[in-house]
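Q: Protein chains in written order, with the numbering used here: chain A, 592 to 911; chain B, 592 to 911; chain C, 74 to 405; chain D, 74 to 405. Ideal placement from N, C-alpha and C gives every residue a C-beta, glycine not left out. Every value quoted in this text rests on a predicted model; they were computed, and no experiment measured them.
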Amino acid sequence: MGVMTYGGAALEALRQAMAADPTVWCVGEDLGRGGVFGQYKGLREEFGPDRVSDAPISEAAIMAAAFGAAMVGTRPVVEMRFADFALCATDELINQIAKARFMFGGQSRAPMVIRKPMGMWRSSAAQHSQSLESWYAHIPGLVVAVPSTAQDNFSMMKAAIEADDPVVYLEHKNIWANEGEVDQAAPYQWGTARVRLKGGDVTIVSWSDCANRAEQAGRTLAAEGIGAEVIDLRSLWPWDRTAVIESAARTGRLLVAHESVAVGGFGAEVVATVVQEADLKARPRRIGAPRALIPYAPNLEDQLRVTADMIADAARELCA
Amino acid sequence: MGVMTYGGAALEALRQAMAADPTVWCVGEDLGRGGVFGQYKGLREEFGPDRVSDAPISEAAIMAAAFGAAMVGTRPVVEMRFADFALCATDELINQIAKARFMFGGQSRAPMVIRKPMGMWRSSAAQHSQSLESWYAHIPGLVVAVPSTAQDNFSMMKAAIEADDPVVYLEHKNIWANEGEVDQAAPYQWGTARVRLKGGDVTIVSWSDCANRAEQAGRTLAAEGIGAEVIDLRSLWPWDRTAVIESAARTGRLLVAHESVAVGGFGAEVVATVVQEADLKARPRRIGAPRALIPYAPNLEDQLRVTADMIADAARELCA
Amino acid sequence: MTQPNYDRTRGLALLTMMERIRAFERQAELAATRDQLVLGAIHLSIGQEACAAGIIAALRRDDLLLSTHRGHGHTLAKGADPTAMMEELLGRAGGCCGGKGGSMHIADFGVGMLGANGVVSANIPIGAGAAHGIKLLGDDRIVVDIFGDGAINRGPFLEGLNWAAVFGLPVLFVCEDNEWSATTRTSDMTAGEGAAARAKSFGIRTEVVDGNDVEAVADIARDLVAAIRRDRQPAFLHARTFRQGGHTYFDPATYRAKEEAAARIASDDPIARQREILLGAGVAEADLDRIASDAWAEMEAALAAAAAAPFPEDGSVFADVQDIGSPELEAY
Amino acid sequence: MTQPNYDRTRGLALLTMMERIRAFERQAELAATRDQLVLGAIHLSIGQEACAAGIIAALRRDDLLLSTHRGHGHTLAKGADPTAMMEELLGRAGGCCGGKGGSMHIADFGVGMLGANGVVSANIPIGAGAAHGIKLLGDDRIVVDIFGDGAINRGPFLEGLNWAAVFGLPVLFVCEDNEWSATTRTSDMTAGEGAAARAKSFGIRTEVVDGNDVEAVADIARDLVAAIRRDRQPAFLHARTFRQGGHTYFDPATYRAKEEAAARIASDDPIARQREILLGAGVAEADLDRIASDAWAEMEAALAAAAAAPFPEDGSVFADVQDIGSPELEAY
Ligand SMILES: Cc1ncc(C[n+]2csc(CCOP(=O)(O)OP(=O)(O)O)c2C)c(N)n1
Ligand SMILES: Cc1ncc(C[n+]2csc(CCOP(=O)(O)OP(=O)(O)O)c2C)c(N)n1
Ligand SMILES: [Mg+2]
Ligand SMILES: [Mg+2]
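1) So is the beta-carbon of VAL184/C under 8 Å away from any non-hydrogen atom of ligand 1?
2) Straight-line CA distance for ASP286/C to GLY267/C?
3) Answer yes or no: do ASP181/C and PHE693/A have a C-beta to C-beta separation smaller than 9 Å?
4) Report all residues from its chain with a CB closer than 7 Å to the CB of ARG706/A; omit the five preceding and five following residues, and keep chain order.
5) Chain C beta carbons: is any one of them nearer than 9 Å to that of PHE483/D?
6) Suppose you measure from the CA of GLN894/A to the CA of PRO881/A; what does that come to, to the nearest Å?
7) Based on DSSP bridge pairs, tell me the residues matched to ILE199/C.
8) Does DSSP put CYS679/A in a helix, a strand or coil?
9) Between which two residues does the beta strand (DSSP E) holding TRP616/A run?
10) Suppose the cutoff is 7 Å on Cβ atoms and the five residues either side in sequence are ignored; what does the same chain contact list for VAL290/D look like?
11) What separation, rounded to the nearest whole angstrom, lies between the Cα atoms of ALA104/D and ARG278/D?
12) ILE685/B versus chain G: which residues are under 7 Å apart at the beta carbon?
13) Going by alpha carbons, who is nearest to MET654/B out of GLY183/D, LEU351/D, LEU242/D, GLY200/D?
14) Along the stretch 255-271 of chain C, where does the CB come closer than 8 Å to a CB of chain D? Name the residues.
15) Any chance you could list the alpha helix (DSSP H) runs of at least 4 consecutive residues sitting entirely within the stretch 90-146 of chain C, in chain order?
16) Taking LEU162/D as the reference, which of ALA150/D, PRO400/D, GLY152/D, ARG143/D has the closest Cα?
17) Can you tell me whether DSSP reads PHE658/A as helix, strand or coil?
18) Just the C-alpha distance for ASP324/C and PHE315/C, rounded to the nearest angstrom, thanks.
19) Is PHE182/C helix, strand or coil when you go by DSSP?
20) Does any heavy atom of ligand 3 sit closer than 8 Å to the C-beta of GLY223/C?
21) Taking buried to mean at least 16 other C-beta atoms within 10 Å of its own C-beta, is ARG642/B buried or exposed?
22) For a cutoff of 9 Å on Cβ pairs, would you count GLY174/C as touching chain A?
23) Within its chain, find whatever has a CB closer than 8 Å to the CB of ILE364/D; leave out the 5 residues flanking it on each side and keep chain order.
24) 9 Å is my cut-off, CB to CB: does GLY732/B come that close to chain D?
25) To which residues does DSSP link ASP831/B through a beta bridge?
26) Taking Cβ-Cβ distances shorter than 9 Å, what residues in chain B pair up with HIS145/D?
27) Helix, strand or coil: which one does DSSP assign to TRP253/C?
28) Taking Cβ-Cβ distances shorter than 9 Å, what residues in chain D pair up with PRO829/B?
29) Could you tell me the distance, in whole angstroms, from the CA atom of ASP367/C to the CA atom of GLN76/C?
30) Show which residues of chain B have a CB atom less than 8 Å away from the CB atom of ALA195/D.
31) Taking the alpha carbon of ASP362/D as the reference point, which residue from ALA96/D, ARG83/D, ASN78/D, ASP80/D has its own alpha carbon closest?
32) CB-CB under 7 Å to ALA153/C, same chain, minus the five flanking residues each way: which ones, in chain order?
33) Just to confirm, are ALA701/B and MET747/B a CB contact at a threshold of 9 Å?
34) Please list, in chain order, the chain C residues whose beta carbon lies closer than 7 Å to that of PHE676/B.
35) Can you name, in chain order, every residue of its own chain whose Cβ lies under 7 Å from the Cβ of GLN698/B, other than the five neighbours on each side?
36) Cβ closer than 8 Å: which chain A residues qualify as neighbours of LYS690/B?
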């Protein structure tokens, strides 16, 4: 146990994996200097430039080359810098990496971790702020990780590197410095949610940084006597249908909150799945961003933010 | 009025728009010879090579160059050949085209029609068969068209070319030859569904070719005395929330069917929206493809197909 | 007039491989047109056999190969079993991809063939990446990465070549230039002097070869492969050939004058040219004919076997999607 | 030692523009560091002012310009109002993009500046497309499309240049080579001889210029712009310059020796160089100093005005998303 930051926890997991397995390597722009958010700090010094590889500004080639190297038996960790730039490598991820094993009849694997820092972060504007986790959840062949705490960014990074599937690994840019206790021995199982708070009145489902806001809302509600069960999905594929359905069936009320655009967001999947499997006491609710683009001005950016207050308000309405 | 094919109707709408407006032009690979599915047949002869432009195999440049040309006042119709290849131009569509007007504070427009023939079609396998309409519905700035009939492929193509927004125009590859009556004067309003069949027992929502299968299912059900209201959304953004909510509230039963992968599909959005606004008699249902990749072998391909029988079966279960 | 020290054994082997490829392609075409056993598109390499045969003759079995939608010839040359290949085209369980990939995704990892690709140009940086993996693993294999003339107009061409040169990777890029990009003349859509000029701008050793002269292809490929294996640096080969048929088997190629193709076929068919060379080297015509008829018989048998082979089990559609998370959700 | 027919008026105008750009950048930096009024990243073009001033001096106001994340200088040179630009950096309602774009998306369509771009290389084919549009509309404008040295390693570089050459489009591509790609030396990640060699491989007329010599930049730009306007064919300019500061205003650039930058700044600052030329041409030092102090005062006032300007109305976040379909759904 020990306190780590969200960013530092993933760095430590990566460091340990690289020390344990010589086929693990990282590639991306500026990694030699530690990466834009320091996620690779010190790794070049420890493992050398071949295993902590700089790259040309060529997201498509970073993705494709890492895939080629994965097919021959290495285990690349791919850095996309901002999730938005990963769109420059969409054919590579969707048409190649996600499909290769299947379309070649099981002859190949793509054990890759594809890191795409996402989310709103201090006036980064429309091309540096997106959250597209629902896209990846829709694509067969991909695993989708959305860790929200230092503990999970340690255990899930470890699991992602160990996985033989391509893992789209979405860290939230706003919480690199968040601190938390990390038990390095804690097991992680894909598709298991973490119950952040227990409660009997309303089930609040969330992930990524929004799960932190949901927990905060849950604490506020608890102080008011409303028992919110706050579930952090942690991975969107696979996702913990069982935990969510069981909880929603028990509380009879479901609220899903995420930072990304509500229309076509993964919240819709959660709601649609639950209502197919359980009867609720109240109509379920989703909170997400309006279908608007992310602006630069701080006050405008705030218009699109999903806050703990909004989550608490919606939960209160649901329980009213 | 007159009979047209689904493919021919869009061709005629495009021809008329080009004749009426000299700023409308088309660009894509092999267009000079009519396009891979004949969607541009005869246009080069009529309008010349500048306005029916071949292109290098450069989807990213086709998209970006058309966007640049749109910013200076032309109205490009962009051909992506197979929706899958459009993934080579994802940054261009999502980070550039969808965002430009907003991030430049309203200074620019991107009046573009981006044609992406989609869907399963005779053993085209994993890289030539995808349906990713839910992706585009999730992206602010984009209009998403999913026409299913000759009439709609005429009226919606016309409306798409007239629109000042970028329209992702998803035709289904399997139905180019489907015939239907086309009233060229029929008005089309974005975000209005077409009620294919009226009925009081169950609401079936669908779009694209799957709407044809849903209608077929509805006819079968009608013969059995089950009144299915079959709603063809026609566009996914905007989409006809009002019609769907009203119908589902009336029938009390909701089934959504689409060809694309169910997990994270737009069917989830429809279900989640309805249950937030209406109380149903039965738990709603979605039918979509499993989260599996599209195979080559015909019998395997059939495993992923959503058929009229499946839709009818689900509707019967819902009404039981 | 063949050189005095002409290597007949190699010459015959090259012809044999070309005949086998052509016979495979003709049988595949029959499977599609006569037998209606192929539903998806297939892209034939008739007229381009010298590239496959000549280049891949220079490789070891453990070397790696990546190819395009027009990849049957390359796959066969790398050593894949024609029956398994034909089964793949027919979507059968015994196909080299279990019937899941079909013609455009044909692959046989057992012989180092890491897949045909349905997305033009996509295999270029993936191949560079396979070479990157080899470099990290530290062995002495090399990669051959084949693509068409149309592929040089997509970004992955630039990104893949730059990558290979920057990291010093053992990969031979081959532009198999058949002059056509589907129904468009590639030259109409390509600026500058094309593939070789672009490759040189990355500082990569670049050679141009008559891609219908299988001996010339084999010679230059041998040199380039040896240099790559020794120096661990990329190289580039621009092989000029000609697509004798349509883009797909069902494309009648009405957009080009029939005479154009006919003249090229008559004057510049790689198999006919190699037969001439071998006749000049004293090989009996009957021996050459036997090579052709053996190849034909082999591929006829491959098609017959494939046509009789079972389709995949329905449930296999859920296999090999991924380990984590079930692709099959009962709910839908 | 200036040439006898040296054009002092032009020389002073070029200096003035460079001083204005530098003053704008310094004020922007103060806004970020001293005043904490800029939340997002800003990328300063200090040391690179000669490219902006020299190239854009050759343009008409109705010509078009596209730029990158490091686009303040280009935008100012094209004629944008510095107060509106500063307001944009501070996210204010009066910003040239209404506060929605910020530094990385700065644009002023009124003066033909079609936007900075946050995605490296993305503006290359978009600029080619703007020229394509001009060709279709049939007028005589031209497009200047500026990008960095790092951008030549992304696919859009190839696709955009090929496009412009194939379609014969009036566009001047400018690689403003400051030697750095964020924290990486571009030369370490770039194969071959770089930008000019690649451009030539597309058969595009290509020139290389000392990008810190504003007179040389202006001369070559004038020639290239005239040729493009006349011949309606693309051209390429590789301008060598140097990024004096970090990648963003908050990057201390610890990855390069302080002495390296210091030496370059001392010996090769474009403003200092142009002052030398003008002094040599007999302009009084006091006149040159006045140009600098006027520029400083202008930009100080721009920052003061911007800092006092109102933020956008909250509701404007829903404006200009699209016409069809409301961005604001009450349900969520
Ligand atoms: C990215 C992409 N765009 C378009 C296509 C459609 N397409 C398939 S083959 C082909 C022509 C390719 O030409 P070339 O690279 O010269 O290969 P060839 O077919 O001549 O072997 C095209 C455009 C594709 N498969 N992928
Ligand atoms: C596609 C993409 N990848 C990565 C980045 C992150 N990034 C921003 S600027 C930059 C360096 C660009 O170098 P160069 O093109 O030389 O321009 P300069 O910053 O030197 O002006 C990088 C890598 C980006 N904006 N877009
Ligand atoms: Mg070709
Ligand atoms: Mg630079």
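A: Taking the geometry as given:
1) False, no ligand heavy atom lies under 8 Å from that Cβ.
2) Taking the straight line joining both Cα atoms gives about 21 Å.
3) PHE693/A sits away from ASP181/C, with the two beta carbons spaced by 9 Å or more.
4) In the same chain as ARG706/A, and ignoring 5 residues on each side of it, the C-beta atoms closer than 7 Å to its own belong to VAL668, VAL669, GLU670, MET671, TYR760, GLU762, in chain order.
5) Past the boundaries of the shown model lies residue 483/D; chain D is included only from 74 to 405, so the question cannot be answered.
6) Cα to Cα, the separation comes out at about 9 Å.
7) ILE199/C pairs with nothing; no bridge assigned.
8) Note: CYS679/A maps to helix in three-state DSSP.
9) Note, TRP616/A: beta strand (DSSP E), 615-618.
10) Cβ neighbours of VAL290/D beyond the five flanking positions: ALA123, CYS124, GLY127, ILE128, VAL282, GLY284, ALA312.
11) Their Cα atoms are separated by approximately 41 Å.
12) Here chain G cannot be found, since the structure's protein chains are A, B, C and D.
13) Considering only alpha carbons, the answer is GLY200/D.
14) Of all residues in the stretch 255-271 of chain C, ASP261, MET262, THR263, ALA264, GLY265, GLU266, ALA270, ARG271 have a Cβ within less than 8 Å of some Cβ in chain D.
15) 122-129, all fully within the stretch 90-146 of chain C.
16) Each of ALA150/D, PRO400/D, GLY152/D, ARG143/D was checked against the Cα of LEU162/D, and the nearest Cα belongs to ARG143/D.
17) Helix at PHE658/A.
18) If you take the alpha carbons of ASP324/C and PHE315/C, they lie about 16 Å apart.
19) In this structure, DSSP gives PHE182/C a helical state, which the three-state scheme calls helix.
20) At least one heavy atom of ligand 3 is found less than 8 Å from the C-beta of GLY223/C.
21) So ARG642/B counts as buried.
22) Yes, GLY174/C counts as interfacial toward chain A.
23) Its chain contains LEU85, LEU88, THR89, GLU92 as the residues whose beta carbon lies nearer than 8 Å to that of ILE364/D, once the 5 sequence neighbours on both sides are disregarded; these appear in chain order.
24) By the rule that beta-carbons nearer than 9 Å mark a contact, GLY732/B touches chain D.
25) Answer is none; ASP831/B lacks a bridge partner.
26) Ordered by position in chain B, no residue passes the 9 Å Cβ test against HIS145/D, which lies about 15 Å from the chain.
27) If DSSP states are grouped into helix, strand and coil, TRP253/C belongs with the strands.
28) At a beta-carbon threshold of 9 Å, the residues of chain D lying near PRO829/B are ILE397, GLY398, SER399, ordered along the chain.
29) One C-alpha to the other measures close to 28 Å.
30) The contacting residues are ALA655, ASP682, GLU683, ASN686, GLN687.
31) Of the listed residues, the one whose Cα sits closest to ASP362/D is ALA96/D.
32) Closer than 7 Å at Cβ, skipping near neighbours: CYS169, ASP181, VAL184, MET186.
33) No. Outside cutoff.
34) Scanning chain C for C-beta atoms nearer than 7 Å to the C-beta of PHE676/B yields VAL192, reported in chain order.
35) Take GLN698/B, set aside five residues on each side of it, and no residue of its chain has a beta-carbon closer than 7 Å to its own.
36) Chain A residues near LYS690/B: ALA717, GLN718, LEU884.
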